[in-house]
Amino acid sequence: MATMPSTHDWINNPLDVIEEMFAGSQNNPNSGWEAKVVEFFKGHLNEKDAHTWVPSMNDIPLHYLKPNSLVKFRCLIQDMFDPEFYMGVYETIDASSQAKVLRCGKYKDVTEFGVEFNSKNIVTSERQTFYCVPVPGENAWVKDCYAASSQARVLPSTSYAPNRQKRSYEDDDMDGVDAQPQKQREPHTGLQIPPDQHCTGDARRQETEVALNYTASASQLDLNFPLPDEKGPSCLIKVYEDWESFKLNDTIEVYGILSVSPALGALAEDKDASSSLIDASDSMETAEEQRVHSPPASLVPRLHMLYAKPLAQNNPLLPCASLQDNHAFLSSTLNEMVSVRGDFLAYLTHVLLGDSLAAEYLILHLISSVYARRDVLPLGKFTLNLSGCPTISSYTERLYKVIQQLVPSSFYLGMSLHNMNQMRMVPKKDYLANRLVSGALQLAQNTSLFLDETQLEQGQLDTTGVRNVTALGNVISWQKVDYDFNYHQMEFPCNINVLVASEGRSLLPSDCQIHLKPQVAPDNMDEYLTSIPIHAQTSSQFNKFRLYLSVARQLDYSISDDVTKSVEDDFVDMRKDDPQSISAEDLHRMLIVARLLSLSLGHTSLSRDIWLRAKHIEIQRCCRMEQHKSVNGNEP
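In UniProt numbering, the protein residues as written are 1 to 636.
Okay, structure coming up:
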């Protein structure tokens, strides 16, 4: 079992470890010390529970983190800047003894004083910079779970006064502000400082002042979050190895060395020949580009990456190892799949106003995911149009709140004319600032996008509105977003789970439409909806549902030759009497339903029984659609 490091403090003072390895390599040029550094930290982090000792920028305020310590950050790569040059090795001269010492410049923003700029031993190296933001739409239960699992203990850093450092590069007039010495919620994390962390009066005052400074300055600096009203730190990640292995929009957990040096602000404002940073693009940077690429470190800290772990599923309830490598967990989970599914179906039936068939389809939708692409066709997507949604009692908003409690990341988009005509959905390249301006469709893999079409009123979509509706259609049909690079568009694949709630059939395309058949009288709707549990007291049950959905999405799936032959024979039989009764498209949808139904029951292959069950619910759904069509002749 990993214990909190004490003898060799690789969390609090990682640069000491790196300097020691660098110094030891000077007599052996082939020591491969840089690879050993990465292996050292990766090895320690992979020990049991060791990663929980590392403080997280997601749930600990920045001014509680020690500069130059090891921290982690769960984030989305929102933009990738041009590579930059830095001094990988430099030489310093001791002022008193005049002795020359070689230093390592890796994993640092600022070098020590006394650099010998004329030394022939200076080695210029290259690194990449990623602009990263917290996972867009990450739900509160995910943040709470991650924060609860942390064993990191931090206190306000006595050596780090962010309010003072910030003033070195920002004109603020906060001198003389005497904030009340109270514990307060950080505006960017929502984390309550634990009561056992006793602060001095000065530290408390500093905490409040920093919060005020952060709020004021963050409002002036566009942190480029994809979704409106998002909170949390953004970060410049400095990457030293294998940066080609990362892609835009990847979700990762980065372990790196935190840099919040006040000198960064001074350097950004007054770069001159004596600067201890090497930046080949200085002379080419516009003022706008410099502002965006060198923001105040107290608002956008730098993190020098040592190790990054991809997060295919951002569910903290899943084990760290992949399902395939964790046989015991997978086996026990699969044994409970059928019983958990039964409870989940009952709960969703309650949420969907007593409609058990709609609940079946909602489960299939929630576990759907793009698992492969054949040419341009994304396989595995299952966009659901839930039509017949009541417009009373804010039903669609309540339904979204339920989904928020079930999936790790989600976003509610009310499709009002104002939103459609005003929102920036597609990311756009800003060439003046040399950055990618984010949009609401720059989302992490497996995000649930809830489109509320009941909000759409009569009126005219303008050019932006039409472009936004087209972009939503592209996500649904092709699972791609065409980013705007002014003179051309660049296609980025995505994996976004889209649910469209509407009164009639949606204006947008979908893979499947199910018309809601409420069993609740409209007069009793409000009382009925308030009885649906979506709060913390049911969290243990919700955790089972959350785990169930994530595991079902990750299971492998196959169809045997025998079952394939059986399905083909069925298709021929169904078309025998009336060839128009079922099309190839209908068969394709039935196969998708059968696949998702199998996974929802914990089966990794299609059986004859599940195929018949899939056929049965599809026939029920189609009959309901026909009945609805005959009653409402003008509706499809």
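Every residue gets a Cβ at the ideal spot worked out from N, C-alpha and C, and that includes glycine.
Quiz item: Do Gly232 and Lys72 have their CB atoms nearer than 9 Å?
Solution: In terms of Cβ geometry, Gly232 and Lys72 do not form a close pair [threshold 9 Å].
Practice problem: Give the secondary structure of His588 by DSSP, where H, G and I count as helix, E and B as strand, and everything else as coil. | Solution: Residue state, collapsed to three classes: helix.
Quiz item: Contact between the stretch 129-142 and the stretch 394-409: three or more CB pairs below 8 Å?
Solution: Yes: the two stretches touch, three or more of their Cβ pairs being nearer than 8 Å.
Quiz item: Going straight from the alpha carbon of Ser506 to that of Ala358, what length do you get?
Solution: The C-alpha of Ala358 is placed about 16 Å away from the C-alpha of Ser506.
Quiz item: Taking the C-alpha atoms as reference points, what is the distance between Val17 and Trp53?
Solution: So the alpha carbons of these two residues sit roughly 17 Å apart.
Practice problem: Could you pull the start and end residues of the alpha helix (DSSP H) that Gln627 belongs to? | Solution: Run containing Gln627: 608-631, per the alpha helix (DSSP H) assignment.
Quiz prompt | Unbroken stretches of the alpha helix (DSSP H), 4 residues or longer, contained in the stretch 483-545 | solution = Correct list: 525-530.
Quiz item: So, helix, strand or coil for Pro316, using DSSP?
Solution: Reduced to three states, the DSSP call for Pro316 is coil.
Self-check item: Limits of the unbroken beta strand (DSSP E) element including Asp430
Solution: Per DSSP, the continuous beta strand (DSSP E) segment holding Asp430 begins and ends at 428-430.
Practice problem: Write down every uninterrupted run of the alpha helix (DSSP H) in the stretch 352-409 whose length is 4 residues or greater and which is fully enclosed by it, in chain order. | Solution: Unbroken alpha helix (DSSP H) stretches of 4 residues or longer found wholly inside the stretch 352-409: 356-366, 395-404, given in chain order.
Quiz prompt | Spatial distance of Ser394 from Gly88 (CA atoms) | solution = Taking the straight line from one Cα to the other gives about 58 Å.
Quiz prompt | Alpha-carbon spacing of Ser539 relative to Asn421, whole angstroms | solution = Cα to Cα, the separation comes out at about 38 Å.
Self-check item: Ser322 versus Phe113: straight-line alpha-carbon distance, rounded
Solution: Roughly 46 Å separates the two Cα atoms.
Practice problem: Let me know the secondary structure DSSP gives Asp570 once reduced to three states. | Solution: Asp570 falls in the helix class under three-state DSSP.
Exercise. Answer yes or no: do Met525 and Leu472 have a C-beta to C-beta separation smaller than 9 Å?
Key: Note that the C-beta distance between Met525 and Leu472 is not below 9 Å.
Quiz item: How big is the Cα-Cα spacing for Pro579 and Asn446?
Solution: Their Cα atoms are separated by approximately 38 Å.
Quiz item: From Thr391, Leu441, Asp484, pick the residue whose C-alpha is nearest to that of Leu456; which is it?
Solution: For Leu456, the nearest C-alpha among the options comes from Thr391.
Quiz item: Where do the ends of the beta strand (DSSP E) carrying Asp63 lie?
Solution: With the sequence shown as reference, residue 63 is identified as His, and Asp is not the correct amino acid for it. Run containing His63: none; DSSP gives neither H nor E here.
Exercise. Please name the residue or residues paired with Arg74 in a DSSP beta bridge.
Key: DSSP lists Glu253 as partners of Arg74.
Practice problem: Name, in chain order, the residues that DSSP records as bridge partners for Lys238. | Solution: Per DSSP, the beta-bridge partners of Lys238 are Thr129, His304.
Quiz item: In this structure, does DSSP put Thr447 in helix, strand or coil?
Solution: When DSSP states are grouped into helix, strand and coil, Thr447 belongs to the coil group.
Self-check item: Test item: CB-CB of Pro301 and Leu236 under 9 Å
Solution: Yes; because the gap between Cβ atoms is below 9 Å, this pair is in contact.
Exercise. Work out the CA separation of His616 and Asp573 for me, nearest whole Å.
Key: Taking the straight line joining both Cα atoms gives about 15 Å.
Practice problem: Check Leu461 in the structure and name its three-state DSSP category. | Solution: In the displayed model, Leu461 falls within coil according to three-state DSSP, outside both helix and strand.
Quiz item: Given that a residue counts as buried once 16 or more other Cβ atoms are within 10 Å of its Cβ, and exposed if not, what is Lys576?
Solution: Burial call: exposed.
Self-check item: Where Thr227 sits in the DSSP three-state scheme
Solution: Sequence check: residue 227 is Leu here, not Thr. Leu227: coil per DSSP, three-state reduction.
Quiz item: Since Val135 is in the alpha helix (DSSP H), which residue starts that stretch and which ends it?
Solution: Looking at the DSSP string, Val135 is not in any alpha helix (DSSP H), and its letter there is neither H nor E.
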